[in-house]
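This report concerns only the one structure given below.
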Amino acid sequence: MSPSITDLLKIGEEVTDAEEESFLLFTQDIPTGNLGFIDSRAATVDVSIRDNEYTIHQSPTLLSSSRAGGTTGAGNPVENHTPLRRLDLKSQNPLWTTSFLTQDSIVTELGCGISALIPLTISPSIQHYIATDQEYVRRYFRTNLDENANITKSKGKSKTSTGTKNKSKKQGSTKGASASASAVSNLTPNSNITFTTLDWELDQPALLKQCIQESENDEDKGFDLLLSCDCIYNDALITPLVSTCADICRLRPVYTSSGEAECQGLKPTVCIVAQQQRAPEVFETWLRETLREFRVWRISDEVLGDGLKGGTGYLVHLLLVREK
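Using full-length UniProt numbering, the first residue of the sequence shown is number 1, and each one after it goes up by one.
This is how it looks when you write it as structure tokens:
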């Protein structure tokens with residue numbers, strides 16, 4: 001077993017029963033509130049993270065629109081990123097202190113939303129960050145990267161993206177190929193942040209890394225870390241979300257009771273799922289579905305800190321995919 005995984009799993013308590021976990025978490029007193037909104041009517045909001053001040057553009061009009069397919073992630077951008085803002089705390093975060101994450105790490109995020117706050121804060125410390133969401137998110141995501149480019153200087157060894165190549169061959173997946181080359185873009189010059197669309201029901205996660213690789217034949221199609229923040233709020237989204245998370249994590253070796261399988265010296269993909277406490281039945285449904293595909297650890301209050309510990313209204317779990 002890799003020392004970094006062994007140490008990382010001290011992050012909290014393993015969860016084995018969805019009903020018990022839901023009861024434990026939702027019988028706590030939690031704040032009632034506004035889902036983290038700072039000002040859902042403002043065109044821009046200012047966000048302070050550590051010593052940096054970010055100006056984030058948002059779309060109040062789009063948030064209140066009746067757009068087909070929904071507008072999640074397009075309105076107030078700060079509400080769905082609070083749980084993951086501690087990821088850049090290298091001196092305190094076990095992902096860094098165990099050396100699981102390094103400057104060579106590649107991270108991807110599902111349902112990134114428009115704010116770009118997580119890639120802005122993490123990207124200087126890793127090789128590359130791939131943010132995914134629906135196409136309508138792209139414009140504001142790019143605006144927010146450009147607005148705050150002077151704050152975050154990339155240290156990643158990025159490759160310029162020229163688009164995703166079409167492939168007819170299914171790489172071990174029944175999902176359809178990702179869209180056209182227009183779905184992929186490095187969003188600022190020399191940036192190690194890439195945005196691409198990803199449909200959880202139709203697209204192939206195995207194609208994600210083509211955004212940043214010149215060759216389709218690179219042996220490692222996987223990621224060190226997979227992030228999902230506040231994507232769990234609708235029963236209809238649970239199965240495709242969990243399935244996509246599992247597909248992405250299985251691009252790397254699978255962690256087993258005897259340690260992770262060796263495969264070109266690669267570590268398993270760690271998945272971090274953060275969410276705001278909403279409906280207990282939705283959370284329980286997500287966790288029951290997740291436990292079929294993953295081993296799950298609830299991250300401890302000691303690791304999360306005062307802003308995210310139990311009773312704050314936020315939940316953060318670590319997932320390692322099971323063998324099929």
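Using N, Cα and C, we set each Cβ at its ideal position, and we do this for glycine too.
Checklist entry - Whose C-alpha, out of L318, G310, V321, L319, is nearest the C-alpha of D29? => result Residue 29 sits at position 29 when you count from the first residue of the sequence shown. The shortest C-alpha separation from D29 is found at G310.
Checklist entry - When you compare only the Cα positions, how much space is there between E293 and C271? => result Numbered from 1 along the sequence shown, position 293 holds the residue referred to as residue 293. Numbered from 1 along the sequence shown, position 271 holds the residue referred to as residue 271. When rounded, the distance between both Cα atoms is 12 Å.
Checklist entry - Going by Cα to Cα distance, which pick from S115, P253, L226, I299 is closest to V242? => result As a first step, residue 242 is located in the sequence shown; it is residue number 242 there, counting from the start. The residue with the shortest Cα to Cα distance from V242 is L226.
Item to check | Where D46 falls: helix, strand or coil (DSSP) | outcome: Looking up residue 46 in the sequence shown gives position 46. Looking at D46 - three-state DSSP - the assignment turns out to be strand.
Item to check | Same chain, Cβ closer than 7 Å to L320, neighbours up to 5 away in sequence not counted | outcome: Residue numbering aside, residue 320 sits at position 320 when the sequence shown is read from its first letter. Counting only Cβ-Cβ distances below 7 Å, and skipping sequence neighbours, we find Y255, P268, V270, F294, R295.
Next on the checklist: Just to confirm before moving on: does the CB-CB distance between K221 and A236 stay below 8 Å?
Outcome noted: Walking along the sequence shown from the start, residue 221 turns up at place 221. Walking along the sequence shown from the start, residue 236 turns up at place 236. Contact: no.
Checklist entry - Taking the C-alpha atoms as reference points, what is the distance between S158 and P119? => result One-based indexing of the sequence shown puts residue 158 at position 158. One-based indexing of the sequence shown puts residue 119 at position 119. Because the pLDDT at S158 is just 39, under 50, the model does not fix this residue reliably, and the point stays unresolved.
Checklist entry - Shortest alpha-carbon distance to G307 belongs to which of F223, T6, P31? => result For this step, residue 307 is matched to residue 307 along the sequence shown. For G307, the nearest C-alpha among the options comes from P31.
Checklist entry - With contact counted as at least three CB pairs below 8 Å, one residue from each stretch, are the region 120-139 and the region 189-200 in contact? => result A contact between stretches requires three or more CB pairs, one per stretch, nearer than 8 Å, and the region 120-139 meets this requirement with the region 189-200.
Next on the checklist: On the CB-based measure, 16 or more other CB atoms within 10 Å of its CB, does E21 come out buried or exposed?
Outcome noted: On the sequence shown, residue 21 is found 21 positions in, with the first residue counted as 1. Classification for E21: buried.
Checklist entry - If you draw a straight line from the alpha carbon of D7 to that of E323, how long is it in whole angstroms? => result Against the sequence shown, residue 7 aligns to sequence position 7. Against the sequence shown, residue 323 aligns to sequence position 323. Using only the alpha carbons, I get a separation of about 21 Å.
Item to check | Cβ neighbour criterion (16 or more within 10 Å) applied to F23 | outcome: As a first step, residue 23 is located in the sequence shown; it is residue number 23 there, counting from the start. F23 should be labelled exposed.
Checklist entry - Cα separation between G305 and L95? => result For the purposes of this step, residue 305 is taken as the residue at position 305 of the sequence shown. For the purposes of this step, residue 95 is taken as the residue at position 95 of the sequence shown. Spanning the two alpha carbons is a distance of roughly 15 Å.
Checklist entry - Considering only the beta carbon of each residue, do Y233 and V282 sit closer than 8 Å? => result Within the sequence shown, residue 233 is the residue found at index 233, counting from 1. Within the sequence shown, residue 282 is the residue found at index 282, counting from 1. Yes, Cβ-Cβ distance for Y233 and V282 is below 8 Å.
Checklist entry - Per DSSP, V15 forms a beta bridge with which residues? => result Counting from 1 along the sequence shown, the entry for residue 15 is found at position 15. DSSP output for V15 lists V296 as bridge partner(s).
Item to check | Backbone secondary structure at D133 - three-state DSSP | outcome: Taking the sequence shown and counting its residues from 1, one reaches residue 133 at position 133. Three-state result, D133: strand.
Checklist entry - How would you label D253, buried or exposed, when you count the other beta carbons within 10 angstroms and need 16 or more for buried? => result The residue you call residue 253 lines up with position 253 of the sequence shown. Note that residue 253 is Pro in the sequence shown here, rather than Asp. Buried, by the Cβ-count rule.
Item to check | Residues near L101 in its chain [Cβ-Cβ closer than 6 Å; skip 5 each side] | outcome: If you number the sequence shown from 1, residue 101 lands on position 101. Hits under 6 Å: L95.
Checklist entry - Measuring CA to CA, which of I11, S4, D17, H57 is closest to R288? => result Counted from its first residue, the sequence shown places residue 288 at position 288. For the residues I11, S4, D17, H57, the minimum Cα distance to R288 belongs to D17.
Item to check | Pairwise C-alpha distance: T55 and I151 | outcome: For the purposes of this step, residue 151 is taken as residue 151 along the sequence shown, with counting starting at 1. For the purposes of this step, residue 55 is taken as residue 55 along the sequence shown, with counting starting at 1. Computed Cα separation, rounded: 10 Å.
Checklist entry - Run through DSSP, which three-state label would G156 get? => result For the purposes of this step, residue 156 is identified with residue 156 of the sequence shown, where counting begins at 1. Note that G156 has pLDDT 38, beneath the 50 cutoff, so the model's placement of it is unreliable and no number is given.
Checklist entry - How many angstroms separate the CA atom of L202 from the CA atom of T244? => result Sequence index remark: in the sequence shown, residue 202 carries index 202 (1-based). Sequence index remark: in the sequence shown, residue 244 carries index 244 (1-based). In this model, L202 and T244 are separated by some 10 Å (Cα to Cα).
Checklist entry - With C-beta atoms as the reference, is Q275 less than 8 Å away from D230? => result As a position in the sequence shown, residue 275 is number 275, starting the count at 1. As a position in the sequence shown, residue 230 is number 230, starting the count at 1. Yes, these two residues count as a Cβ contact at 8 Å.
Next on the checklist: Could you give the first and the last residue of the continuous alpha helix (DSSP H) run that contains V303?
Outcome noted: As a working mapping, residue 303 is identified with position 303 in the sequence shown. First-last of the alpha helix (DSSP H) with V303: 301-304.
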